[in-house]
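Numbering (the numbering used here), first residue to last: 725 to 1076. Read the structure below first, then the notes.
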Ligand code: SF4
Ligand code: SF4
Ligand code: SF4
């Protein structure tokens, strides 16, 4: 157990699906050899099969008795192999059949292959976006599965890290993580994953994915800080829920489930049912979903009636920096350039 646990809450009512978070992470941490298929942050259209494809049925995590469940090791193809674009051939090649993808036009799978497809039939089609990072779990299946003890949780904030000097690339962690948030770097021969931007956190700067998010979706802070946004959303107002808690790893990323417009009946009249089926949201975020949606609707209605709502003010995030708990420092004020730090997960002390 760590002394404290840093956590993230993502409000799915505000996610635009813009992937700015994904790009912010990619630009900072996974531009190197062997990392082209790595997106430590992914944003998937739901309902959909996610990234890696079908991760929810790949096993891993723990059963109700606390025993490790067998898990599948996702392939690079299941994550979505990188491909080259064939812009020149398409624009200037004179070949009307030229495909935009240089491999002949069939890239197989990508990090969000379901882009905006979603579920339901017209007029009740629906989708929402689900951003995912490593959950920096309190009971990390990846850590337990590693025979080299290369994975650890930091004492002071619970961030889960892989020590690449000890990793031998056995990839038991990939099989064990039920969220399939560990990637294998074939060039370096080690497993790699989201590091919760710990070099930034150590300098008082919030994670790149949260600071860059234009939707003000991501809150960062400590679960035990009563004045911080995480404690308020998870414990005080109890509107933030973990994804697939039944996987048994006690994840520390939480989600405010999405409200949706009413379903329409055959006469195209509004019904009392939400467009996104509540059963589907329960399958992701557990049995408390109806209670949370009722709280959000009640508080929203209060604001519409001219009353104040501390919960709605918090979720709207009028004060942007208040979203990041103690990590409000501007990245440019950090004297040590953290992107040049020599950090353990980048092997052999190689600078970024
Ligand atoms: Fe480990 Fe997976 Fe949990 Fe991240 S989400 S700490 S990789 S078990
Ligand atoms: Fe990437 Fe940092 Fe966000 Fe993790 S916390 S997904 S390392 S930007
Ligand atoms: Fe865009 Fe923020 Fe949603 Fe990421 S979490 S896709 S940055 S709105």
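The C-beta atom is built at its ideal place from N, Cα and C for all residues, glycine as well.
- In this structure residue 845 does not touch residue 772 by the C-beta definition: roughly 16 Å separates them, more than the 8 Å allowed.
- Short of 7 Å from the beta carbon of residue 917, and not among the five residues preceding or following it, lie these beta carbons of its own chain, in chain order: 764, 858, 886, 905, 906, 907.
- For residue 997, the uninterrupted beta strand (DSSP E) run begins and ends at 994-998, by DSSP.
- The residues 852, 854, in chain order, have a CB closer than 6 Å to that of residue 770 in the same chain once the five nearest residues on each side in sequence are set aside.
- For residue 766, the beta-bridge partners assigned by DSSP are 856.
- By the C-beta criterion, the region 939-946 is judged to be in contact with the region 1039-1059, since at least 3 inter-stretch pairs fall below 8 Å.
- Taking the Cβ of residue 765 as the reference point, at least one heavy atom of ligand 2 falls within a distance shorter than 7 Å.
- Screening all residues for a C-beta within a distance smaller than 6 Å of any heavy atom in ligand 1 leaves 858, 859, 860, 861, 864, 865, 866, 884, 901, 903, 905, 906, 917, 973, in chain order.
- For residue 967, the secondary structure class from DSSP, reduced to helix, strand or coil, is coil.
- Relative to residue 729, the option among 744, 952, 1015 whose CA is nearest is 952.
- DSSP places residue 1052 within a strand segment (E or B) once states are collapsed to three.
- In the structure shown, the three-state DSSP call for residue 850 is strand.
- DSSP places residue 932 outside any beta strand (DSSP E); the residue lies instead in the alpha helix (DSSP H), whose first and last residues are 932-935.
- Note that the C-beta distance between residue 739 and residue 938 is not below 8 Å.
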